[in-house]
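Numbering (the numbering used here), first residue to last: 9 to 143. Virtual Cβ for every residue (Gly too), placed ideally from N, Cα, C.
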Amino acid sequence: MFCGVVAGGVPAFRVADTPDGVAFLDIRPVFKGHVLVVPRPHVDDLPGLPGELLPGFFALVRRLAAAVPDALGAQGTFVAMNNVVSQSVPHLHAHVVPRTKGDGLRGFFWPRTRYADDAEATGYAERIAAVLAGG
């Protein structure tokens, strides 16, 4: 599924598309603006990520961790990655979740929500992409 997003055959609300990876909105976000970051080549999990791809991939994750609060007025982010257990899609992906003090997220219980429609999701994706682009 994520390989299809990277290739462009599976629709997604893209936030970033770089040589190091692709970032797009999670369709079942913990909080609206929850972004998934995947490496461009298919890699099952973090232990399988070739060392030469590590710097670029994590630089993209770091950029998203900075952009999401600026774009959405959040106070910070929660950045997480599952490897095999609880990994619903067998393609390495980092979660970048907007956080605000008192938002109700506790531990590793991740309640999920949905966007009202594609227009709302597009708006979130565009706001994050604009901050990434420096605007």
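Item	Value
Judging by CA-CA distance, which residue of Ala141, Pro106, Ala129, Leu140 is the nearest neighbour of Val38?	Pro106
Quick check on Arg22: does DSSP put it in helix, strand or coil?	strand
Which residues mark the beginning and the end of the alpha helix (DSSP H) in which Ala67 is found?	62-80
Comparing alpha-carbon positions, which option in Asp28, Leu44, Phe10 lies nearest Phe86?	Leu44
Would you call the segment 14-21 in contact with the segment 52-68, where contact means no fewer than 3 C-beta pairs closer than 8 Å?	no
When the Cα of Asn90 is compared with those of Leu54, Ala15, Asp28, which residue comes out closest?	Leu54
Give me the Cα-Cα distance between Arg114 and Leu72, rounded to the nearest whole angstrom.	22 Å
Output the distance between the C-alpha atoms of Val14 and Gly110, rounded to the nearest integer angstrom.	34 Å
Which class does Phe10 belong to by DSSP, given the choice of helix, strand or coil?	helix
By Cβ distance below 8 Å, which residues in the same chain neighbour Met9 in space, the five residues on each side in sequence not counted?	Val18, Val97, His99
Who are the Cβ neighbours of Ala137 in its own chain at under 6 Å, not counting the five residues just before and after it?	Val23
Using alpha carbons as the reference points, say which of Cys11, Gly59, Ala82, Glu134 lies closest to Val46.	Cys11
Does DSSP put Arg120 in a helix, in a strand, or in coil?	coil
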